[in-house]
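Using full-length UniProt numbering, the first residue of the sequence shown is number 1, and each one after it goes up by one. Step one of this worksheet: look at the structure below.
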Amino acid sequence: MGGGGQQTDRITGTNGRFGTYTWEEVQKHTKFGDQWIVVERKVYNVSQWVKRHPGGLRIIGHYAGEDATEAFTAFHPDLQLVRKYMKPLLIGELEASEPSQDCQKNAALVEDFRALREHLEAEGCFKTQPLFFMLHLGHILLLEVIALMLVWCFGTGWINTAIVAVLMATAQSQAGWLQHDFGHLSVCKTSRWNHLVHKFVIGHLKGASAGWWNHRHFQHHAKPNVFKKDPDVNMLNAFVVGKVQPVEYGVKKIKHLPYNHQHKYFFFIGPPLLIPVYFQFQIFHNMIVHGLWVDLAWCISYYVRYFLCYTQFYVILPCQFCAFLSFSWLQPVTSSNPPSTTGSADTSTFRLSTSKINKSAFSAKMASVYLRHFTTVLCSCPSLFPTMPRHNYWRAAPHVRALCDKYGVKYQEKTLYGAFADIIRSLEESGELWLDAYLNK
Numbered sequence: 001m002g003g004g005g006q007q008t009d010r011i012t013g014t015n016g017r018f019g020t021y022t023w024e025e026v027q028k029h030t031k032f033g034d035q036w037i038v039v040e041r042k043v044y045n046v047s048q049w050v051k052r053h054p055g056g057l058r059i060i061g062h063y064a065g066e067d068a069t070e071a072f073t074a075f076h077p078d079l080q081l082v083r084k085y086m087k088p089l090l091i092g093e094l095e096a097s098e099p100s101q102d103c104q105k106n107a108a109l110v111e112d113f114r115a116l117r118e119h120l121e122a123e124g125c126f127k128t129q130p131l132f133f134m135l136h137l138g139h140i141l142l143l144e145v146i147a148l149m150l151v152w153c154f155g156t157g158w159i160n161t162a163i164v165a166v167l168m169a170t171a172q173s174q175a176g177w178l179q180h181d182f183g184h185l186s187v188c189k190t191s192r193w194n195h196l197v198h199k200f201v202i203g204h205l206k207g208a209s210a211g212w213w214n215h216r217h218f219q220h221h222a223k224p225n226v227f228k229k230d231p232d233v234n235m236l237n238a239f240v241v242g243k244v245q246p247v248e249y250g251v252k253k254i255k256h257l258p259y260n261h262q263h264k265y266f267f268f269i270g271p272p273l274l275i276p277v278y279f280q281f282q283i284f285h286n287m288i289v290h291g292l293w294v295d296l297a298w299c300i301s302y303y304v305r306y307f308l309c310y311t312q313f314y315v316i317l318p319c320q321f322c323a324f325l326s327f328s329w330l331q332p333v334t335s336s337n338p339p340s341t342t343g344s345a346d347t348s349t350f351r352l353s354t355s356k357i358n359k360s361a362f363s364a365k366m367a368s369v370y371l372r373h374f375t376t377v378l379c380s381c382p383s384l385f386p387t388m389p390r391h392n393y394w395r396a397a398p399h400v401r402a403l404c405d406k407y408g409v410k411y412q413e414k415t416l417y418g419a420f421a422d423i424i425r426s427l428e429e430s431g432e433l434w435l436d437a438y439l440n441k
């Protein structure tokens, strides 16, 4: 047994003795203010430093008492630099008799996954093609210019306005995926440039906050579909999802809404209200409360540009219509992560559940251009390899599928419309589970 009780947070200047620890000792340090993590068999005390973690205190706190090696490797492009900053936090290592992974993980699966990552790195799957992202940014700017020129040249008739709204909504949607790339640090060679361009795209082109997005999205990829850890499955009591939450709510007689009808009212409060309304309030609240003044400046620049260009032709509400269209499109797309895999317990820190959206159902070339990234953006690749450029997902997908097949993990492949239908189907099933538990348990 290691001297777990003798070790304190070295960053505060306490004793520097190293020790050896068992998993049982490590797993005692999971509460805020007393958090240890394990990376590459080394034990780190992050109790105080967690507040200074560039990725946020919550994401690292989600791994307290666990092996965070996969997350450490996945989220940091420059591992040597990060290891340098972690040295003052090192308090020891696992005992030689202890396994490298905590008991929640399949050791063979983890080793195969690490070998897969090394193979993909050797194949160059983590190398960026700058032209791909330059063209992506260029076509977004081109769509916005075309939309503005149409208004200037042809006025504000109903047909022209509809065309402009569709063009602007398409540009907004595409900007949403481009900011996702930079937010994942998967484009530029340095994190600094990724963060800078990310602020431009999500702030100036989208009117949102990079800090707010990073805070939410990194947690989502670290703990996908885990209640209280993945913000994307926090339905604000408007919906119950998965197979566990509905039963828990039903047994406790929780009824904020008639959840057995949630697959019906989803269309009225899901796409129209979540991103266009709730997220907008949350973004500004987050920037002001946390002092994200740079993000706020970028966000304001979006609204200044938007209103200067269009309020001379339209009043404010029609100006926001195209934003409403794009948000209403993005919300069901981002909800296509399979709700049926959602659980209340964090059963594994390494998840291979996949939902690959197949573009083959779209025969139109233009649809293929704008929807092709859905083939892989919703599959496991962004969660397994967050820093991999998305133009290489198709190269990684067969290897991921083979790994899933080897360990009996279901690899789902759907059309885009099939994924949308699954949202409604899953909501209906969860609603039925809630109703049964509410009435009979």
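Where a beta carbon is used, it is the ideal one built from N, C-alpha and C, also for glycine.
Original post:
Which residue comes first and which comes last in the beta strand (DSSP E) that contains isoleucine 37?
Top reply: Note, isoleucine 37: beta strand (DSSP E), 34-39.
Original post:
What residue range is occupied by the uninterrupted beta strand (DSSP E) comprising tyrosine 21?
Top reply: Following the DSSP letters along the chain, one finds tyrosine 21 inside the beta strand (DSSP E) bounded by residues 19-21.
Original post:
Alpha carbon to alpha carbon, how far is histidine 215 from glycine 55?
Top reply: If I take the Cα positions, the gap works out to 7 Å.
Original post:
For the beta strand (DSSP E) that contains isoleucine 91, what are its first and last residues?
Top reply: That run of the beta strand (DSSP E) goes 90-94.
Subject >> Continuous alpha helix (DSSP H) stretch holding valine 241: start and end >> reply: For valine 241, no alpha helix (DSSP H) encloses it, and the DSSP letter there is neither H nor E.
Subject >> Start-to-end residues for the alpha helix (DSSP H) that takes in glutamate 121 >> reply: Segment 107-122, the alpha helix (DSSP H) holding glutamate 121.
Subject >> Residue burial classification, serine 426 (beta-carbon count within 10 angstroms, cutoff 16) >> reply: That one is buried.
Subject >> Inter-residue spacing [alpha-carbon to alpha-carbon] between glutamate 95 and tryptophan 36 >> reply: Per the coordinates, the alpha-carbon of glutamate 95 lies some 15 Å from the alpha-carbon of tryptophan 36.
Original post:
Taking just the CA atoms, how far does lysine 42 sit from leucine 435?
Top reply: Rounded to whole angstroms, leucine 435 to lysine 42 spans 47 Å at the Cα level.
Original post:
Of the residues Lys223, Lys229, Pro224, Pro258, which one's Cα is nearest the Cα of valine 240?
Top reply: The option with the nearest alpha carbon to valine 240 is Pro258.
**OP:** Quick one: residues in its chain with C-beta nearer than 8 Å to the C-beta of alanine 107, no 5 flanking neighbours on either side, listed in chain order?
**Re:** Excluding positions up to five away in sequence, the list reads Pro99, Ser100, Gln101.
Original post:
So is phenylalanine 49 buried or exposed if we call it buried at 16+ other beta carbons inside 10 Å?
Top reply: One point to set straight first is that residue 49 is tryptophan, not phenylalanine, in the sequence displayed. Here tryptophan 49 is buried. Its C-beta has 16 or more other C-beta atoms within 10 Å.
**OP:** Going by DSSP, name the residue or residues bridged to tyrosine 44.
**Re:** Partner(s): Ile37, Leu90.
Subject >> 7 Å Cβ shell around glutamate 428 - same chain, five flanking residues per side excluded >> reply: Around glutamate 428, the same chain offers His263 as residues with beta carbons nearer than 7 Å, after the five sequence neighbours per side are excluded.
Original post:
If you drop the 5 nearest sequence neighbours on each side, which residues of the same chain put their C-beta closer than 6 Å to that of phenylalanine 218?
Top reply: Gly55, Ile59, listed in sequence order.
Subject >> Residue environment, aspartate 78, which counts as buried when at least 16 other CB atoms sit within 10 Å >> reply: Under the 10 Å beta carbon count, aspartate 78 is surrounded by fewer than 16 other beta carbons and is classified as exposed.
Subject >> Beta-carbon proximity check, phenylalanine 75 vs proline 389, cutoff 9 Å >> reply: No, these two residues do not count as a Cβ contact at 9 Å.
**OP:** State the Cα-Cα distance for the pair alanine 364 and glycine 124, rounded to the nearest angstrom.
**Re:** Only weak support exists for where alanine 364 lies, its pLDDT of 32 falling under 50; the value from the coordinates is given anyway. Looking at the backbone, the Cα of alanine 364 and that of glycine 124 are separated by about 31 Å.
Original post:
In chain order, what residues of the same chain lie with their CB nearer than 8 Å to the CB of glutamine 129, ignoring the 5 residues before and after it?
Top reply: The residues are Pro389, His391.
Subject >> Same chain only: Cβ atoms within 7 Å of leucine 143, ignoring 5 sequence neighbours per side >> reply: If you ignore the 5 residues before and after leucine 143, its C-beta comes within less than 7 Å of the C-beta of Leu167, Thr170, Ala171, all in its own chain and listed in chain order.
Original post:
On the three-state DSSP scale, how would you describe glutamine 219?
Top reply: In the three-state DSSP reduction, glutamine 219 falls in the helix class (H, G or I).
**OP:** Please classify threonine 311: does DSSP put it in a helix, a strand, or coil?
**Re:** In the structure shown, threonine 311 falls within a coil segment according to DSSP collapsed to helix, strand and coil.
Subject >> Distance CB(leucine 292)-CB(tryptophan 177) smaller than 9 Å >> reply: Not in contact: leucine 292 and tryptophan 177 (Cβ atoms no closer than 9 Å).
Subject >> Segments assigned alpha helix (DSSP H), at least 4 residues, entirely inside the stretch 158-203 >> reply: Unbroken alpha helix (DSSP H) stretches of 4 residues or longer found wholly inside the stretch 158-203: 158-183, 191-199, given in chain order.
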